[in-house]
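Going by this note's numbering, the sequence shown opens with residue 6, and the numbers climb by one from there.
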Amino acid sequence: MRISSPTTVGRHAELDLARQLLTDARKGAGRGLVLLGEAGIGKSRLVAECAALAGALGVPVLRGRAGATGLTAPFRPLIEALSSLSRGAGLPTGPELAPYRPALARLVPEWRDPGGPGYPESVVELAEAVLRLLAVLARGTGCAVLLEDLHAADSETLAVLDYLVDNLADLPVLLVATLRPETGPALDLARSAARRRVASVVALGPLEAADVRAIAAGCLETTPEGVPDDLAARLYGGGEGNPYLVEELLADLVRSGALLRGPDGWQLVGEPAASVPDAVVQAYGHRLAVLDPPVRGLLQAAAALGTRFSLTTLRTATGSAEPELFAGLRAATEAGFVRPDGTRHDQYAFRHALTGEAVLATLPPAERAALARSAAAALEAADPALGDDEQCRLVARLLAAAGDPAAAALRYAEAGRRARESGASASAVALLEHAHRLAAPPDRTGVAESLALALAEAGQLDRALAVADSPDLAVPSALGTDRRIALHTRLAWEAVMAERRADSLTQLAAARALLTDPAPADPTPVGPTPAGPAAAATPPADQRAALAVVEGHLTLLPGPDGQLPPPEQAERLAREAAETAERAPLPVVACQAWQLLALLGRERGFDHADACLERMLAVAEQHALPVWRVEALVRLGVNAFMRTGSSRRLEQARDIAGGLGALLQTQTTDGLLAMQAVLRGDHAAATAIVDRSLDASARLRNLATHRYLLLTAATLAAHRGRRRDMERELQRFDRAGGEEASFLTPVLFGLCRAVCALLEEDRAGAEAELAAAAAWEDDHPSVFYLSGRYGLRPLLDTVAGRADRARLAACAAAPAAELAWNRQFLRLADAVLLGREGHADRAARTVDEVRRDAAGLFPTGYHLGLRLAAEAALADGWGDPTTWLRTAEEYFHGLDVPAVAGACRGLLRRAGAGVAQRRTGRDQVPADLRVLGVTLREFEVLVLLAERPGNQEIARRLSISPRTVEKHVAGLIRKTGRPGRDGLRDLALALAVAG
């Protein structure tokens, strides 16, 4: 007789669906498939069939399974899935995965860099990295990801899967998941995915009577007709259509002698079985009874450890020697209780989840508790610190099963603290909530403190604030002054990062009150305390430093005045905070303080701001803080661009962020690089970055960067004079919360809308947009300095006669005047004033200097400024406005901005200068000649002059009259300044040599 049916029975519709989804996935239409059903209903059998289907088609298969307790190590199913592939065909190593390898190293041990600084990437960043890996892996063949028992999966795994299933539609990937219909986050995820129509959810019901008969026939190695009717009826009634129970009941009938094979086939001769659960327990009791006592004890100990267990853990828990251990496991495997799991070389699993449960159920409750207590004690004795995170969780579960909730709570709390330190905040919350429920009264305060911090870091700020106000923490004597101050300060910081000004102010007020009011000294800490410097009792100066940093960052958020110190005082307090934090040392607080000082210090000059950032960088490097190091490098790169127009340093920072796997910071840097590309006139690069990063930032829920990229896309359209495209992107920006992101308002008005209006020759509209930007900056703190106040607006006002020398001097004295984008406009404004003041030569030299320094940095801004300055020069009679207008006209014609190109041509006509006709093919004229006003026909004549033809020959070849040729030659001599036809011939030959 077989232990199980050799074929899958009664699941034809499900197999057809899986086959169709796999076929669709190979064509690029990925999807999720969730198999939902009770234990033993056949989910694993269907997954095995999916693996076989994929294997037959040459599709790579990644297969993993969650643990049995629901409090397993973060990402365990994903780690197993990737390990299953790396052991076989191996993981791809293409260059497109390079930015994601540091994040994926969390799931792929062989990709870890022991010497690297590490980066605590968010779950969403990791999910994006997994998505990119699957895209590469599936290229050309498709890919199947099979994950089982997700009802027991950790929160981080579920978050990754939620992200993946939403983004499979355009990838050749089939994701198959199994879970029980138990209330919880996994079931919620499955139902939500079904509502979003990104996954098919199939509920596996009990088998029909004919299917149960077919299972019996397969196990008994006979035909369905060879299964006695009374046996089929008993199996159908007792097994309730559950394939696993049917097979177990059948095996028990054979072992007990109630089902015999005679000359006429199989015959049922025994008494009816009891109810299903009792029958299964009794069946395992009978099977255990016939095993040798050492094997029986080994199985019971293994069942206490869970559905799956490692040899190392079982050996430690039982104290068995290795030969006896292997002998016992061989006997248990032969008896059909366990099997090698295959996910790890030393991993075993019970044949089914019900198997382990049934083995434990054969023991009385007191004996089960004693077994759990003994196993926990053995594991703790072997490693008192329980350095392995999974062992820590296991001991916590064993202590709870042993009836010692207080001890279990401390181990759960320790596991939660470790999860929090590793960045698995959702798992930390689950573990700490479990600890909080079990903790003895003296331990609840420390657990609640850790839980509040974990909730805040997991983005559940409302719940974190509720825990902070709970009886466990609300009584001052419960936590002590210093720890309460640290808790309020941390919650205030998280509220600032979430832009929740009111909540941050409330927490700051609570912390400030504790700093001034007498309170009981901190009690002796009981249970876990928060990780890091804030966990320890710190002197008031250190506490005030941390508070000052939070308050300073809060001043940068829009809100009512009077609740926070003015920027000058905030800067002074931040400097004191930085110095205090470095002495403590509190390196994170120090980095936060120097970052704040760099933002506030821009008002005093960018040298000062850079000095603060360099100090921030030094602190981050000294204390091995990779995230803060990248943050310092990014901000230094931004300042370098604003000062010089070069993106080199920011590009270096982006490479470092990518090397760390810091996907959020990489995306943020990409957004900054895209905006810089817009200003540099590199529209192709800006478009490429936006196209590459926009959807990815939305998937990562990196909303701040997503909004910035949308605004960048709008600004890109604006700088090309495409209002309709700009308005469309701004609508997307508003829908993404752009109206709420008011700190971007100056950019929207001054760098986007105002420039678009100028490219439409709507001077009044541009001035209104620039005035709106300035009005917003008058009422709010601002960290943007390219929105017109210190550059474009003074130039417009100077051209219009509204700005005098004193006004321009005041603008030039501001630190923002140092910035390259602003500097070009201010210098052109200075030239306009010099020309009006009668200093024509100085005015012309100033324009020439701008042409030399700025033309290649910001072509759109430069040519726009040149067009405005030329208008003033033409009116006031100085400089070479004709050449400047031709230069600007040439640029804007090439950019396809007809309004400005037309305005330049109009001004040229007003100056009495010749205006070239815009004919197809004019781009054949070299740029140097186009600037001089050389037309396409004149260029054609010039090219022929290299051969020394006469006017008649040129006229014949170009089909024009000799008189027209003569006019074109005269025009060429005048425009190029060459001495006669010989000079033109030399020019033509030089152009021919240059290609």
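Idealized CB from N, CA, C, for every residue including glycine. Keep in mind that this is a model prediction, so the values were computed, not measured.
Tell me the rounded alpha-carbon separation between residue i and residue j.
{"i": "T674", "j": "Q352", "result": "43 Å"}
{"i": "A526", "j": "H558", "result": "Because A526 sits at a pLDDT of 42, beneath the cut-off of 50, its placement in the model cannot be relied upon, and the following sentence gives the value as read from the coordinates. For A526 and H558, the distance between alpha carbons rounds to 30 Å."}
{"i": "P328", "j": "A219", "result": "41 Å"}
{"i": "E573", "j": "E823", "result": "22 Å"}
{"i": "E995", "j": "D885", "result": "It should be noted that the sequence gives Ala, not Glu, for residue 995. In a straight line, the C-alpha of A995 is about 26 Å away from that of D885."}
{"i": "T534", "j": "R495", "result": "Bear in mind that a pLDDT of 40 at T534, under 50, signals an unreliable position, so the model cannot answer this."}
{"i": "A516", "j": "C596", "result": "21 Å"}
{"i": "A214", "j": "R737", "result": "57 Å"}
{"i": "A473", "j": "L513", "result": "13 Å"}
{"i": "L900", "j": "Q929", "result": "16 Å"}
{"i": "G686", "j": "D802", "result": "25 Å"}
{"i": "V635", "j": "A57", "result": "46 Å"}
{"i": "E587", "j": "V624", "result": "8 Å"}
{"i": "L131", "j": "E101", "result": "16 Å"}
{"i": "S379", "j": "T318", "result": "13 Å"}
{"i": "T486", "j": "L519", "result": "6 Å"}
{"i": "A309", "j": "A337", "result": "15 Å"}
{"i": "A222", "j": "R266", "result": "13 Å"}
{"i": "T529", "j": "A433", "result": "Only weak support is given to the placement of T529: the predicted model assigns it a pLDDT of 40, under 50, and the question is left unresolved by the model."}
{"i": "Q600", "j": "L831", "result": "29 Å"}
{"i": "T323", "j": "A382", "result": "11 Å"}
{"i": "P370", "j": "A332", "result": "28 Å"}
{"i": "A204", "j": "H357", "result": "26 Å"}
{"i": "E581", "j": "A550", "result": "7 Å"}
{"i": "L890", "j": "A904", "result": "13 Å"}
{"i": "T981", "j": "T892", "result": "15 Å"}
{"i": "L775", "j": "V760", "result": "9 Å"}
{"i": "V852", "j": "L833", "result": "6 Å"}
{"i": "A579", "j": "A198", "result": "47 Å"}
{"i": "R81", "j": "E395", "result": "10 Å"}
{"i": "A414", "j": "P447", "result": "12 Å"}
{"i": "I84", "j": "L618", "result": "38 Å"}
{"i": "N827", "j": "A821", "result": "7 Å"}
{"i": "I978", "j": "A614", "result": "54 Å"}
{"i": "S127", "j": "D547", "result": "29 Å"}
{"i": "A23", "j": "L399", "result": "35 Å"}
Using only alpha-carbon positions, find the residue among the options that is nearest to residue i.
{"i": "L359", "options": "G664, S652 and A44", "result": "A44"}
{"i": "V150", "options": "A59, G72 and P97", "result": "A59"}
{"i": "L949", "options": "A997, R910 and V251", "result": "A997"}
{"i": "R301", "options": "L173, A993 and V343", "result": "V343"}
{"i": "D393", "options": "L934, H973, A778 and A78", "result": "A78"}
{"i": "G231", "options": "L273, L989 and L138", "result": "L273"}
{"i": "G663", "options": "P107, G15 and P65", "result": "P107"}
{"i": "H176", "options": "S197, R202, C148 and D193", "result": "The question names His, but residue 176 is Leu in the sequence shown. Ranking the options by Cα distance to L176, first place goes to C148."}
{"i": "T865", "options": "W883, L684, A916 and W781", "result": "L684"}
{"i": "G938", "options": "P967, T511, E895 and E952", "result": "E895"}
{"i": "V14", "options": "L753, V217, L40 and E952", "result": "V217"}
{"i": "L403", "options": "L376, P389, R422 and A390", "result": "L376"}
Check the DSSP bridge columns for residue i and list the partner residues they point to.
{"i": "T183", "result": "L40"}
{"i": "W271", "result": "R266"}
{"i": "S966", "result": "The partner list for S966 (beta bridge, DSSP) is empty, contrary to what the question assumes."}
{"i": "C148", "result": "V178"}
{"i": "R68", "result": "L151"}
{"i": "A204", "result": "G37"}
Is residue i near the ligand ZN, going by C-beta to nearest heavy atom under 7 Å?
{"i": "I978", "result": "Summarising the ligand content, the structure contains no ligands, and the ligand ZN is consequently not present."}
Next item on the list: Check whether the region 813-824 touches the region 845-863, counting contact only when three or more Cβ pairs, one atom from each stretch, lie closer than 8 Å.
Entry: The answer is no - the region 845-863 does not touch the region 813-824, with fewer than three Cβ pairs under 8 Å.
Note to self: If we require 4 or more residues per run, which alpha helix (DSSP H) segments fall completely within the region 849-886?
What the structure shows: Secondary structure within the region 849-886: the alpha helix (DSSP H) runs of 4 or more consecutive residues, fully enclosed, are 864-881 (chain order).
Item checked: Whole beta strand (DSSP E) elements within the region 382-459, 3-residue minimum -> none
Check: Are there three or more Cβ pairs, one per stretch, closer than 8 Å when the region 402-422 is compared with the region 435-450?
Finding: yes
Checklist line | 4 or more residues per run - each alpha helix (DSSP H) lying fully within the region 702-730 | finding: Under the rule that a run must span 4 or more residues, the alpha helix (DSSP H) segments found entirely inside the region 702-730 read 708-723.
Check: Can you give, in chain order, each stretch of the beta strand (DSSP E) that sits fully within the region 299-370 and has at least 3 residues?
Finding: Listed in chain order, they are 313-315, 343-345 and 352-355.
Notebook entry, point to check: Should the region 201-212 be regarded as contacting the region 36-50, the criterion being three or more beta carbon pairs within less than 8 Å?
Noted result: yes
Margin query: Quick test of the definition: if touching needs 3 or more C-beta pairs under 8 Å, does the region 160-172 touch the region 15-28?
Written below: no
Next item on the list: Report yes or no: do the region 786-797 and the region 756-770 share at least 3 C-beta pairs separated by less than 8 Å?
Entry: Per the Cβ contact rule, the region 786-797 is in contact with the region 756-770 (3 or more Cβ pairs under 8 Å).
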